[in-house]
Every structure is written in structure tokens, then in C-alpha cells.
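Each remark here refers to the structure printed beneath this line.
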Amino acid sequence: MFIVLRKRGAKLAGGILFTLGGVITLYTMCPQATSLLESSDGVDFATVRKIEEAYARLNGPQGVKCHSLLKKFLTKDVLEELKYKKTKLGATLYDCIRSGVYNLDAAVGVYAPDAEAYKTFAPLFDRIIREYHGFSLGQKQPSVDLGEGKIHEFPPLDPGAKYIRSTRIRCGRAVVGYPFNPLLSEGRGIYYNDEKTFLIWVNEEDHVRIISMQKGSNVGQVLDRLNRGVKHIEKHVQFARDERLGWLTFCPTNLGSTVRASVHIKLPKLTANMSNFMVMCNRLNLQLRGVHGEHSEPISGVYDISNKGRLGISEYQAVKQMYDGVKELIRKEEML
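Written out as C-alpha cells, the structure is:
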């Protein structure tokens with residue numbers, strides 16, 4: 001049973017209450033004056049000016065050391081094409097680029113303010129998606145495949161618990177009709193079962209992060225629990241999905257399957273040569289992090305290793321990418 005506190009704009013759906021508030025209201029003293037301050041697409045000129053100032057910041061002295069995908073693909077032509085556009089929920093180009101403009105060390109630099117942003121601002125998002133995922137305009141996300149009926153393919157990776165401390169699989173979802181993080185700032189929480197092996201994170205980054213995890217290396221058990229939870233929630237809530245991009249999320253790096261399958265693992269022999277280890281992980285399509293997420297450090301030699309792919313592969317394939325890659329790393333560790 002999943003219970004979320006009710007706040008402004010909350011939505012009740014089949015016994016599951018998601019606080020996805022954040023109603024956007026434009027207050028104005030004079031509607032006639034407002035119309036004079038908007039472009040033909042409804043973007044006020046104050047916002048257009050902020051967009052232009054943001055572009056100048058990216059390309060001025062402050063942005064000299066910025067190497068984000070935002071800076072690479074927000075060309076003058078793209079700026080002129082998009083600066084007057086907005087989505088039905090009121091999201092503008094400024095909402096997409098604001099974080100990347102004021103966090104110049106970001107690798108990507110853009111976020112989607114709502115689901116429609118991926119189409120409205122496609123000249124920017126499509127280029128970034130192609131560069132990051134290697135996913136071209138002609139490609140489509142595969143049909144949903146949660147790996148049901150294939151759980152037997154994922155027996156424990158490390159039955160003797162010599163290397164792997166824990167296993168975690170998560171996916172992200174956005175509820176249809178609500179804005180994403182930049183336009184939604186209320187109603188956050190995390191909810192979990194008594195064993196803390198199944199969790200729902202509400203409005204942390206995406207509307208919903210669904211997480212299954214446990215000690216040890218039994219990937220099959222973790223995946224089965226995640227699938228059962230996802231299926232239950234989907235009976236009551238409609239999530240945003242695009243025919244080409246798959247499940248839509250706040251960050252374009254998490255599109256598609258949205259699945260991140262990971263283990264906390266200690267491989268002392270392989271990690272003794274970190275440059276070789278990182279090359280090995282890249283070759284196996286694995287992502288290496290510290291145990292507390294991006295930009296964190298390993299603790300006592302324990303790393304977080306996950307699948308690198310999200311978009312262009314199914315949920316099952318994302319888990320298998322991690323499983324096969326980690327299995328190979330353990331094999332190599334035992335050879336040394």
C-alpha cells in the first residue's frame with residue numbers, strides 16, 4: 001500500500017494519492033497590458049530577455065570553461081527559433097536551460113520542464129539526445145519489456161558474497177498532465193515497505209522514482225519485485241510515454257527505459273589500476289560511480305556500477321547490460 005500526503009493540486013487515483021501539486025497561476029493587474037508584453041506565441045518579453053542573457057552568459061567570459069551539450073547545441077539559429085515558444089503548461093526555453101546556464105560545469109545542461117517540452121524544443125533536445133545516447137531521429141524506443149518470464153536468467157551474481165554488497169534497480173516515471181521539476185516544487189516525500197526493499201520517491205527529480213533493492217546479488221529477486229510494484233501502480237496512474245523516446249523524464253539522460261540497474265561492489269585487484277578499470281567498464285557499457293551517486297567517491301573500495309544505456313534498449317535489456325557486464329568484471333577479478 002502506498003500512501004502520500006495530500007497537498008495543493010494533489011491527484012487521487014485508485015487509492016494511490018500522489019502529491020503532484022504546483023498549480024501555475026499568472027497574476028496580472030491588467031490583462032490588456034499583459035498582452036502587449038507577450039510575443040505572438042505568448043512568451044513575455046521579460047522572459048525572452050532572460051533567454052538572450054542566458055545565451056550571452058554561455059558564450060561570454062563566464063562560459064569559457066563550459067563544455068556542456070547545451071552550449072554546443074544552443075546555436076544562435078536554434079536560439080532564434082525557440083526563444084518565443086512555450087508549452088501548454090507555460091514552459092519556455094528559459095526553463096529548459098536555466099540550470100545549465102548557472103551551473104556551467106554541467107555535462108548536459110538541459111532539463112525538460114514538462115513532457116511537451118521534448119517536442120516544443122525539439123531542435124535543441126533532439127541534438128543533445130543524439131549526442132548523449134547515440135540515438136538518431138530515425139530510431140524508436142523498443143516496446144516495453146520488463147523481463148517478466150525471464151527472471152530465471154538472473155541468478156545471484158556473487159553467491160558467496162565475496163564482491164557484491166547490494167543490488168538496486170530503479171525506474172523513473174512522469175504523471176500525464178503535470179509539469180516536471182522546474183515548474184513543480186511542492187509535495188515531496190519517500191515511501192517504503194517495512195523491509196525497505198521497495199521504495200517510491202515522489203518529486204525528488206522525477207514525479208516518481210520506483211526503486212527495488214536488497215542486500216546481496218540476487219538480481220532476479222530485485223527485478224521481480226520492481227516489476228510487481230510498477231504493474232500495481234500503472235493500474236491507477238497514467239504515465240507519460242512518447243512513441244519515439246519511450247518513458248519521458250525530467251532529465252534527457254534518463255529517457256527510454258529509464259532503468260538503472262546497479263550493484264555496490266568491491267573489486268580490489270581490478271581497481272588497483274583505475275585507468276584500465278574505467279576503460280574496461282566503458283567497453284562493457286557500464287557506468288562507474290561512488291556509493292552515494294554522481295560525483296561521490298567510493299568508500300573502502302566499494303563502487304556503484306550500473307548499466308550505461310537507457311534509451312534505445314528495453315527495460316530487460318538495461319538490466320541484462322548491467323548483469324552481463326558485472327559478471328565479466330567478477331570473472332576478470334578472479335583471474336588476477
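Residue 266 in full-length UniProt numbering is what sits at position 266 of the sequence shown, and the numbering runs on without skipping anything.
C-beta: ideal position from N, C-alpha, C; glycine also.
Asked, Found
"Limits of the alpha helix (DSSP H) - the one that isoleucine 97 falls within", "93-102"
"Chain-order list of residues whose beta-carbon lies under 6 Å from that of valine 219 (same chain, five-residue window excluded)", "Phe154, Thr167, Tyr323"
"Run of the alpha helix (DSSP H) containing proline 262, from where it starts to where it stops", "The question names proline, but residue 262 in the sequence shown is serine. Segment 260-266 is the beta strand (DSSP E) holding serine 262; no alpha helix (DSSP H) there."
"Under the three-state DSSP convention, the category aspartate 44 falls into", "strand"
"Valine 110 burial status per 10 Å Cβ neighbour count (16 or more: buried)", "buried"
"Segment contact flag, the region 173-183 with the region 266-286, C-beta cutoff 8 Å, min 3 pairs", "no"
"Whether leucine 311 touches histidine 133 by CB criterion (7 Å)", "yes"
"Outcome for leucine 37 when other beta-carbon atoms lying within 10 angstroms are tallied against a minimum of 16", "At leucine 37 the pLDDT is 47, less than 50, meaning the model places this residue with poor confidence; the figure from the coordinates comes in the next sentence. Result: exposed."
"Alpha helix (DSSP H) segments (min. 4 residues) lying fully within the UniProt domain \"Phosphagen kinase C-terminal\" (185-336)", "219-234, 274-283, 315-335"
"Reduced DSSP secondary structure (H/G/I, E/B, other) of glycine 63", "helix"
"Threonine 87 in three-state terms, based on DSSP", "coil"
"8 Å contact criterion, which leucine 223 and valine 144 should meet: CB distance rounded", "About 14 Å separates the two Cβ atoms, so there is no contact after all."
"Sequence-distant residues of the same chain with beta carbon closer than 7 Å to alanine 115, five excluded per side", "Ala174, Ala240, Leu248"
"Residue nearest to leucine 79 in terms of C-alpha spacing, selected from Leu124, Val43, Glu234", "Leu124"
"Three-pair Cβ contact test at 8 Å for the region 196-204 versus the region 256-268", "no"
"Alpha-carbon to alpha-carbon, arginine 165 and tryptophan 201", "22 Å"
"8 Å CB neighbourhood of isoleucine 169 in its chain, flanking five on each side removed", "Ile211, Ser212, Met213, Val219, Val222, Leu223, Leu226, Val259, Arg260, Ala261, Ser262, Val319"
"Cβ shell of glutamate 204 (< 7 Å), same chain only, five flanking positions each side left out", "Arg188"
"Alpha helix (DSSP H) segment containing isoleucine 169, residue limits", "Run containing isoleucine 169: none in the alpha helix (DSSP H); it sits in the beta strand (DSSP E), 164-173."
"Nonlocal neighbours in the same chain, by C-beta distance under 6 Å from glycine 290, ignoring five residues either side", "Ser296, Glu297, Pro298"
"Cβ neighbours of isoleucine 51 in the same chain (closer than 8 Å, five flanking residues each side left out)", "Leu79, Lys83, Thr92, Leu93, Tyr94, Ile97"
"CB contact flag (leucine 288, glutamate 328, <7 Å)", "no"
"Supposed close pair isoleucine 305, tyrosine 163 - CB separation, criterion 8 Å", "In fact, because the Cβ distance is near 10 Å, the residues do not count as touching under 8 Å."
"Rounded straight-line distance, which links the Cα of glutamate 334 to that of cysteine 171", "31 Å"
"Exposure label - arginine 49; buried when at least 16 CB within 10 Å", "exposed"
"Assigned secondary structure, residue 345 (DSSP; H/G/I helix, E/B strand, else coil)", "One cannot answer for residue 345 here, as it falls past the ends of the chain, which runs 1 to 336."
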